[in-house]
Amino acid sequence: MKNKEKPTLSSHIFLISWGFFMHVILLTFKEHTPSYLKSIIQEHGVSGISHTRMPTESRPGNIAIAAGVYEDPSALFKGWKENPVDFDSVFNRSRISWLWGSPDIIPLFTKASYPSNWQDFSNVPEATQRLDQWVFDQYWHWLKDEAPTYKTEDKIIFYFHLLACDTSGHASKPQSKEYEDMMVNVDHNIQQVVEKTEKFFGSNTSAYIFTSDHGMTDWGSHGSGSTDETETPFVAWGAGIAKNNHPHNLEQADITPLISTLAGVPIPVNNEGVLPYYSLDPKYQEYITKAFLANAKQLLKQVKANRELTVGRSLVNMYDKDREFEEKLKRVEKLIKDTEYKIAINELEYLTKLAKHVLSYYRRYQTDRFIMCLMLMWIGWIVYLFVDLSGVSRQSIQFGCYSWNLLANISLVVGIIPLVIEYAVAGCQEWRLFGYGVISVISLWVAFRAVIRKGPTLEINSNKPLVEFSGIVGLMFMMFVGLVYRGVLSISMLLIVGLQKLLFDRNASSLLLATGLALAIFPLLPVVGPQPRLYLVLFAVIASIISIVKKRKIHNYNKIIGIVRLSVTSLLCLNMIDGKSGISWLLLFTSPLDIWMYPKDGSQRIFGVTVALLSPLALLSASYEPIFFLIMAAHLQNWPTYDYTRKSKNAPTIMSLRHFSTAAFLMQYTLLCFFGTGNMASLSSFDPSWTRHFLTVFSPFTMAALILLKTVIPLILVGCLIRSLAPDSSIFSAVLLLGDCLAIPLMYGVTNQGSWLDIGSAISRFVIAIVLPCLLLLVYYLTEPFTSFSLQEFIKRTAVKRQRLKI
159 MKNKEKPTLS SHIFLISWGF FMHVILLTFK EHTPSYLKSI IQEHGVSGIS
209 HTRMPTESRP GNIAIAAGVY EDPSALFKGW KENPVDFDSV FNRSRISWLW
259 GSPDIIPLFT KASYPSNWQD FSNVPEATQR LDQWVFDQYW HWLKDEAPTY
309 KTEDKIIFYF HLLACDTSGH ASKPQSKEYE DMMVNVDHNI QQVVEKTEKF
359 FGSNTSAYIF TSDHGMTDWG SHGSGSTDET ETPFVAWGAG IAKNNHPHNL
409 EQADITPLIS TLAGVPIPVN NEGVLPYYSL DPKYQEYITK AFLANAKQLL
459 KQVKANRELT VGRSLVNMYD KDREFEEKLK RVEKLIKDTE YKIAINELEY
509 LTKLAKHVLS YYRRYQTDRF IMCLMLMWIG WIVYLFVDLS GVSRQSIQFG
559 CYSWNLLANI SLVVGIIPLV IEYAVAGCQE WRLFGYGVIS VISLWVAFRA
609 VIRKGPTLEI NSNKPLVEFS GIVGLMFMMF VGLVYRGVLS ISMLLIVGLQ
659 KLLFDRNASS LLLATGLALA IFPLLPVVGP QPRLYLVLFA VIASIISIVK
709 KRKIHNYNKI IGIVRLSVTS LLCLNMIDGK SGISWLLLFT SPLDIWMYPK
759 DGSQRIFGVT VALLSPLALL SASYEPIFFL IMAAHLQNWP TYDYTRKSKN
809 APTIMSLRHF STAAFLMQYT LLCFFGTGNM ASLSSFDPSW TRHFLTVFSP
859 FTMAALILLK TVIPLILVGC LIRSLAPDSS IFSAVLLLGD CLAIPLMYGV
909 TNQGSWLDIG SAISRFVIAI VLPCLLLLVY YLTEPFTSFS LQEFIKRTAV
959 KRQRLKI
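Under this note's numbering, read the sequence shown as residues 159 to 965, first letter to last.
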């Protein structure tokens, strides 16, 4: 008798003593229900909605399905192709598994996939259809050549990763006829799989699960947290599956214990899913209840492991829920023994919900202490930085017969000793909490010593200091709110226009104020989506051509080059020329040459930067992004000059109020470059149509680099402005201080609760505040070749050197 100690669900149905077998075929597909699946839902199985989590991408979705783990988005930095943390899965637990599909997913578990260059978004139905046909062909070959060897085996899993509908949805959009045709084709192949499997292995010996790793918006994108992206279909039928057409709701990770239960294999150790027992045939209550009990025990093991990690082994037995868990488990085991399966399932429902709640609690445990430590570290760093940059040295201060330095050192020891005692006594394995506490104490100690050593100073060099200071505070507050509510950036831009009028007075040109008011409109516009609005892109290109023609101070060859490049860009946008043949790449890589042809004079060079970078930006744009770019360029080009190099008599560099107001302006411009045309959700979403003029074959790193370039292009203008304003590091110092002040309240907004969109957005806002000063410093140095190098001067110098050598 096979597997008597742990039978499969189908073996319970069909003569387990005769050694029958079980197959679980997991089909990953995209939304909608075509004819065959519709008949399954109505007559032969169960269906419902599987709820995914952010990020709604293929890799984390498939891992949640097969392993019950919601993987950390840090896997994105390895291109979704490498496992940053090893995980258990149903494939590991099975006797043997066969997996076929996309090279971006299948290598997570095995190496059988089609070539990566097959993933082409060029909207050719034959090229898209072969992605799925290859998978089905592999199964037909297996059924013919290898299946007889495994005909008497059980615990076998087949995994079909079907990508054609995803590719068609990106290229043609989900409401298109091409997408519907692809669904019909997949539906027909699924029917053939079921019929041939049942014929070969015998009727009612296999279970089938049909689901999707993520959803898709109407415009063909995913990655964010909208309902279209987080709700996916779930259909199950076959051996061991109930037959009812009542729709169910389940979490994506719940599919993992369902597969394990159907196949009769252990649940993966890190699984977070709860068995959807209502999906199983109610005739087999004992097996279902025992499987549910195994699921509960597996979750409770995770609770204990997380508690030990968080509070230490010495405090584990003090937790009052341990006794409740043990009593519930004993009660459930007794109920199963007494065949009280319905009551046992009710108890297990409560127990699994409690286990997941406690598991979530321990993953949030000590969050407040971590944040408090980070805040103290931040405050210490801000104080130290400000004093070190602008402080004036002073003599040692005495406190009675002791110096303040000695008292600072004593405070350091007094602060660290309690942390050491707490860590040693509690036996907490979470060493990071101890480390964060020590670093925060050291940070405050360093700041205290800096204040002892130097007295902080700030030069008030404004004719309206109270207005300027209030404006800086107001801008920082609005930037903080603007990271959450994009429209607030419009108000902050209006505040900048008012401050420019008040502070710069006569130096502020009317064009500077007018373009500032125009920039305030963009955060109020709808977020740019992948649905192309070609007329807006062409309007920006034509406007640039007109400005080139009317520009008087630039040479004719600059005009000719600019007009030719923009004309070719227009033809590419109209699809009259195929950019993928190399023309789009040529326009991109020759942009620096076009910039270097312009004189190094400030206004002319910024104009050259604008015209040269408009071509690649337009090819990567879908709506009003080039118009925003042109208005931003006009605004920054009209900034008034101001002397930031004044020195204090007491120090080589002194921070002034004007440094901070300018730094706040630059931070606003940088945030506007990110969110003037989009928001957090649109930045995290991905659509291949954005790179359609450069490539259509799926290449995550190349596509991500192009989309990143699109974001960086407006920042290059900000970098050019910084180069004209900041001959020394004082502006960056002010940006660094304001960025740290902005990060403190955003740090308290970081959460691990709610949707993945909420979590990802909160983390993104905090990260943006942290990296903002570094980003400005980076674009400052990246723009150095664009502002200082001249091709004409280089040619002249080369010619002079050759002439000297001849002489």
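Note that CB positions come from ideal geometry on N, CA and C, so glycine has one too.
Everything numeric in this text was worked out from a predicted model, so none of it was measured.
Inter-residue Cα distance where the pair is residue i and residue j
i	j	result
residue 925	residue 518	24 angstroms
residue 729	residue 735	6 angstroms
residue 727	residue 390	39 angstroms
residue 533	residue 786	36 angstroms
residue 296	residue 258	7 angstroms
residue 355	residue 395	13 angstroms
residue 818	residue 635	14 angstroms
residue 951	residue 939	21 angstroms
residue 698	residue 921	34 angstroms
residue 957	residue 650	51 angstroms
residue 678	residue 959	51 angstroms
residue 796	residue 626	21 angstroms
residue 694	residue 782	6 angstroms
residue 900	residue 923	10 angstroms
residue 872	residue 747	17 angstroms
residue 640	residue 903	13 angstroms
residue 850	residue 861	10 angstroms
residue 948	residue 788	23 angstroms
residue 334	residue 710	49 angstroms
residue 648	residue 822	15 angstroms
residue 731	residue 690	10 angstroms
Residue range of the unbroken beta strand (DSSP E) whose run includes residue i
i	result
residue 389	389 to 396
residue 408	406 to 409
residue 793	From DSSP, residue 793 is part of no beta strand (DSSP E) but of the alpha helix (DSSP H) over 783 to 795.
Delimiting residues of the alpha helix (DSSP H) encompassing residue i
i	result
residue 369	It is not in any alpha helix (DSSP H) - residue 369 instead sits in the beta strand (DSSP E) that spans 364 to 369.
residue 337	335 to 359
residue 543	525 to 548
residue 506	499 to 522
residue 817	815 to 833
residue 414	413 to 421
residue 653	646 to 662
residue 250	248 to 251
residue 778	That residue, residue 778, is in no alpha helix (DSSP H); it is neither H nor E in DSSP.
residue 942	942 to 946
residue 747	741 to 747
residue 192	Neither: residue 192 is in no alpha helix (DSSP H) and is coded neither H nor E.
residue 223	216 to 225
residue 717	714 to 731
Residue i - DSSP class collapsed to helix/strand/coil
i	result
residue 855	strand
residue 235	Low confidence applies here, because residue 235 scores a pLDDT of 48, under 50, leaving its location unreliable; read the following figure in that light. Here residue 235 sits in helix by DSSP.
residue 317	strand
residue 258	strand
residue 174	With a pLDDT of 24 at residue 174, under the threshold of 50, the predicted position of this residue should be treated as unreliable, and no value is reported.
residue 612	strand
residue 900	helix
residue 986	What is shown of the chain runs 159 to 965, which leaves residue 986 out entirely.
residue 766	helix
residue 207	strand
residue 624	helix
residue 847	helix
residue 380	strand
residue 960	helix
residue 617	strand
Notebook entry, point to check: Would you call the region 631 to 650 and the region 562 to 579 in contact, with 3 or more CB pairs under 8 angstroms?
Noted result: no
Margin query: If we require 4 or more residues per run, which alpha helix (DSSP H) segments fall completely within the region 664 to 696?
Written below: 668 to 677
Next item on the list: Specify whether the region 443 to 460 and the region 493 to 503 touch according to this definition: at least 3 beta carbon pairs, one from each stretch, less than 8 angstroms apart.
Entry: yes
Margin query: I want to know whether the region 245 to 258 touches the region 414 to 423 - three or more CB-CB distances under 8 angstroms.
Written below: yes
Note to self: Would you call the region 642 to 662 in contact with the region 826 to 834, where contact means no fewer than 3 C-beta pairs closer than 8 angstroms?
What the structure shows: yes
Next item on the list: With a floor of 3 residues, list each beta strand (DSSP E) that falls wholly inside the region 427 to 471, ordered by position along the chain.
Entry: none
Note to self: With three or more C-beta pairs closer than 8 angstroms as the rule, is the region 940 to 950 touching the region 752 to 769?
What the structure shows: yes
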